[in-house]
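Enquirer:
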């Protein structure tokens with residue numbers, strides 16, 4: 001397929017009938033904003049060998065590209081509306097690969113909403129580079145920010161923490177882990193917490209997603225809110241796979257607390273918030289409190305400070321990830 | 001500089017005080033749409049060795065990235081408002097390079113308007129890949145599309161055609177050209193025709209920018225409008241450098257007509273349009289007419305059809321450019 005065929009056969013169907021996409025046949029897309037809504041804009045890029053393993057299934061890579069961006073929208077309380085895709089493809093990418101990649105994106109458009117409205121396909125002599133721009137909408141003034149947490153607010157997280165980091169530790173450093181298939185699935189298919197994000201609008205004082213690692217991302221909220229936080233390692237929610245892994249290899253606890261790629265939400269709730277109502281949407285755990293000061297303190301089960309070598313995730317190849 | 005320093009020192013100043021950028025310190029940016037305006041979205045990517053020469057000055061690469069996207073906004077009649085940048089950087093990119101690249105973007109923000117509101121910086125083992133998402137605004141319903149040209153409409157182009165293609169032919173195929181500095185400047189610093197695009201709102205029936213090549217891009221308007229067009233090669237406006245080059249090497253005429261990277265506008269005007277009013281904004285030339293049928297016919301000075309080997313530009317490396 002040449003680029004026009006690729007657009008017509010693989011990408012134009014991803015417009016899902018959105019009229020503003022103009023069938024991907026114009027220089028640009030048109031977005032008529034809905035009155036009473038703000039737009040939320042995010043753009044994350046992923047690179048072969050850095051953010052995904054080159055042997056990951058192409059549909060999973062498409063899904064991951066969607067979900068790292070959807071997770072940002074979720075963290076801000078926004079609903080997905082439109083996407084723009086830039087794909088820089090090496091010669092080794094053939095039609096079958098690209099077809100499966102597009103199918104991965106399409107399945108997530110159906111699952112999470114929104115439409116592809118534009119983008120660009122170019123060639124590179126290096127590894128594949130994909131960037132996705134995600135545009136969501138949120139009732140005017142309703143975006144959840146990193147700034148805004150108050151002293152005494154509860155530190156809450158969704159779902160479970162650490163599975164993706166344990167998978168990466170296994171792949172890169174042969175760490176011995178349990179239930180590898182479960183961990184791989186969490187690494188490949190992050191769950192953007194869109195319903196929870198919507199439920200947190202007007203309720204959470206601040207929030208972000210856990211992409212760099214729990215301690216680092218909580219640190220971002222602290223920095224933007226001008227606060228510190230204290231969390232209990234024992235309260236951090238774990239999947240059965242992570243629990244089993246840590247039971248055998250307690251030394252992997254820092255990997256769980258500081259590893260990235262979870263794409264859960266971490267957020268600040270006032271102490272009087274109705275947790276049960278949120279639990280109906282998505283599992284939520286209280287792991288600590290915001291406090292005056294700065295930085296994140298992590299306490300072990302005895303209440304002593306845990307010393308962590310690093311607070312956040314750096315991707316395996318060279319320069320770190322400036323993902324926001 | 002690590003990624004956080006890069007964002008703080010180089011990219012955060014490019015937010016130019018736009019409050020919705022949240023200082024590049026959040027997961028996403030906030031855009032409150034102006035009532036009565038539609039948003040116009042475009043995203044083009046450029047790759048080292050494909051869309052720019054690796055020895056191009058970094059400030060020029062930043063400017064080119066801005067301008068290929070601004071040109072799409074111009075073609076649609078939109079004014080720039082916000083940008084999101086994804087940069088995949090090879091290890092060879094050092095702080096000095098990145099500082100100059102950011103300065104090139106900053107100079108164009110000052111010149112053309114808008115603000116950087118988000119993005120992502122990642123590493124790659126391959127050549128640099130940059131993608132820019134440009135968001136413009138246009139009075140509701142006012143976007144100029146590729147569809148909409150009518151039979152009898154004038155085919156018009158802005159500025160002059162072919163300089164960038166002659167420069168590329170010189171660099172890649174040692175084509176003998178005149179006034180190389182002029183050609184290089186046109187290649188490196190496209191002029192997005194934003195003022196002309198704004199003047200064309202409500203006047204042009206259709207339009208797009210000349211990125212793939214004059215004949216190919218006019219062909220896009222024809223295809224989307226369900227028409228054909230006939231143009232006279234002798235009427236295509238040329239710079240002094242291109243005129244002098246063609247006087248010496250007439251065989252380069254097809255390069256001028258089909259080469260890309262001009263970033264002028266090609267558009268459909270009703271025959272009764274006031275060209276003089278447009279001329280006050282930007283030089284405009286009438287080069288032909290839209291007609292029933294399909295495809296673009298090019299006539300030589302004697303009125304005979306010119307046979308062109310190709311109608312559009314393919315970038316030098318491998319897979320073509322799916323740029324829209």
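Chains as they are written, first to last, in UniProt numbering: chain A, 1 to 324; chain B, 1 to 324.
All C-beta atoms in this analysis are idealised placements derived from N, C-alpha and C, irrespective of residue type, glycine included.
#1: By alpha-carbon positions, which one of A:121, A:154 and A:113 ends up nearest to residue 289 of chain A?
#2: Cβ of residue 294 of chain A less than 8 Å from any chain B Cβ?
#3: For the segment 223 to 246 of chain B, list every residue whose C-beta sits within 9 Å of some C-beta in chain A, in sequence order.
#4: Taking residue 166 of chain B and residue 233 of chain B to be in contact with their CB atoms under 8 Å, please state how far apart those CB atoms are, rounded to whole angstroms.
#5: Start and end of the beta strand (DSSP E) containing residue 38 of chain A?
#6: From the DSSP output, read off the bridge partner residues of residue 123 of chain A.
#7: In whole angstroms, what separates the C-alpha of residue 248 of chain A from that of residue 227 of chain A?
#8: Using DSSP with H/G/I as helix, E/B as strand and the rest coil, what is residue 52 of chain B?
#9: Return yes when the Cβ of residue 28 of chain B is within less than 8 Å of the Cβ of residue 40 of chain A, no when it is not.
#10: Could you pull out every residue in the same chain whose Cβ sits closer than 8 Å to the Cβ of residue 73 of chain B, ignoring the five residues on either side in sequence?
#11: Taking contact to mean at least 3 C-beta pairs separated by less than 8 Å, is the segment 2 to 22 of chain B in contact with the segment 94 to 109 of chain B?
#12: How about residue 161 of chain B and residue 235 of chain B: are their beta carbons less than 8 Å apart?
#13: Kindly indicate which three-state DSSP category residue 313 of chain B falls into: helix, strand or coil?
#14: Using a C-beta to C-beta distance shorter than 7 Å, which residues of chain B count as neighbours of residue 258 of chain A?
#15: Note down, one range per segment and in chain order, each beta strand (DSSP E) of at least 3 residues found wholly within the UniProt domain "PurM-like C-terminal" (151 to 298) of chain B.
#16: In this structure, does DSSP put residue 144 of chain A in helix, strand or coil?
#17: For residue 70 of chain A, would you say it is in contact with chain B, using Cβ-to-Cβ distances shorter than 8 Å as the test?
#18: Between the Cα of residue 94 of chain B and those of B:1, B:84 and B:146, spot the shortest distance and give me the residue it belongs to.
#19: Using a threshold of 7 Å, is the CB atom of residue 12 of chain A nearer than that to any non-hydrogen atom of the ligand GDP?
#20: When the Cα atoms are used, what is the spatial distance from residue 252 of chain A to residue 262 of chain A?
#21: Would you tell me roughly how many angstroms separate the C-alpha atoms of residue 84 of chain B and residue 65 of chain B, rounded to the nearest one?
#22: Just verifying my parser: in three-state terms, what is the DSSP assignment at residue 59 of chain A?
#23: Any idea if residue 207 of chain B is buried or exposed, counting beta-carbon neighbours within 10 angstroms, 16 or more meaning buried?
#24: Where residue 303 of chain A and residue 291 of chain A are concerned, what is the direct C-alpha to C-alpha distance, given to the nearest angstrom?
#25: Give the secondary structure of residue 18 of chain B by DSSP, where H, G and I count as helix, E and B as strand, and everything else as coil.
#26: Please decide whether residue 64 of chain A counts as near chain B, where near means a Cβ-Cβ distance under 8 Å.
#27: Output, in chain order, the set of chain A residues within a Cβ distance shorter than 9 Å of residue 151 of chain B.
#28: Would you mind working out which of B:62, B:201 and B:238 sits nearest residue 98 of chain B, comparing C-alpha positions?
#29: Do you know offhand how far residue 131 of chain B's Cα is from residue 46 of chain B's?
#30: For residue 140 of chain A, I'd like the list of residues in its chain whose CB is within less than 8 Å of its CB, leaving aside the five on either flank, ordered along the chain.
#31: Looking at chain B, which residues of the segment 75 to 93 of chain A have a Cβ within less than 9 Å of any of its Cβ atoms?
#32: Of the choices A:279, A:149 and A:126, whose alpha-carbon is the least far from that of residue 270 of chain A?
#33: Any idea if residue 301 of chain A is buried or exposed, counting beta-carbon neighbours within 10 angstroms, 16 or more meaning buried?
#34: On the DSSP letters alone, give me the boundaries of the alpha helix (DSSP H) that residue 112 of chain A sits inside.
#35: Report the partner residues of residue 7 of chain A according to the DSSP bridge assignment.
#36: Measure the beta-carbon distance from residue 213 of chain A to residue 142 of chain A and round it to whole angstroms, keeping in mind my assumption that it falls under 8 Å.
Expert: Result, derived from the coordinates:
#1: A:154
#2: no
#3: 223 and 224
#4: That belief does not hold up - the Cβ atoms of residue 166 of chain B and residue 233 of chain B are roughly 15 Å apart, past 8 Å.
#5: 37 to 47
#6: A:89
#7: 35 Å
#8: strand
#9: yes
#10: Cβ neighbours of residue 73 of chain B beyond the five flanking positions: 40, 42, 79, 80, 134, 136, 192, 194 and 197.
#11: yes
#12: no
#13: Annotation note: pLDDT 47 at residue 313 of chain B (below 50); position unreliable, coordinate value reported separately. Residue 313 of chain B: coil per DSSP, three-state reduction.
#14: Going along chain B, no residue has its Cβ under 7 Å from residue 258 of chain A, so there is no contact; the nearest lies around 16 Å.
#15: 154 to 158, 206 to 209, 228 to 232, 265 to 269 and 284 to 291
#16: coil
#17: no
#18: B:1
#19: The ligand GDP is not among the ligands present in this structure, which contains no ligands whatsoever.
#20: 16 Å
#21: 11 Å
#22: Note: residue 59 of chain A maps to helix in three-state DSSP.
#23: buried
#24: Cα to Cα, the separation comes out at about 16 Å.
#25: coil
#26: no
#27: Going along chain A, no residue has its Cβ under 9 Å from residue 151 of chain B, so there is no contact; the nearest lies around 20 Å.
#28: B:62
#29: Each residue's Cα considered, the two are about 6 Å apart.
#30: 36, 37 and 38
#31: 75, 76, 78, 82, 84, 85, 86, 87, 88, 89, 90, 91 and 93
#32: A:149 is the residue among A:279, A:149 and A:126 whose C-alpha sits nearest the C-alpha of residue 270 of chain A.
#33: exposed
#34: 95 to 112
#35: Its beta-bridge partners do not exist; DSSP assigns none.
#36: About 27 Å; that fails the 8 Å criterion.
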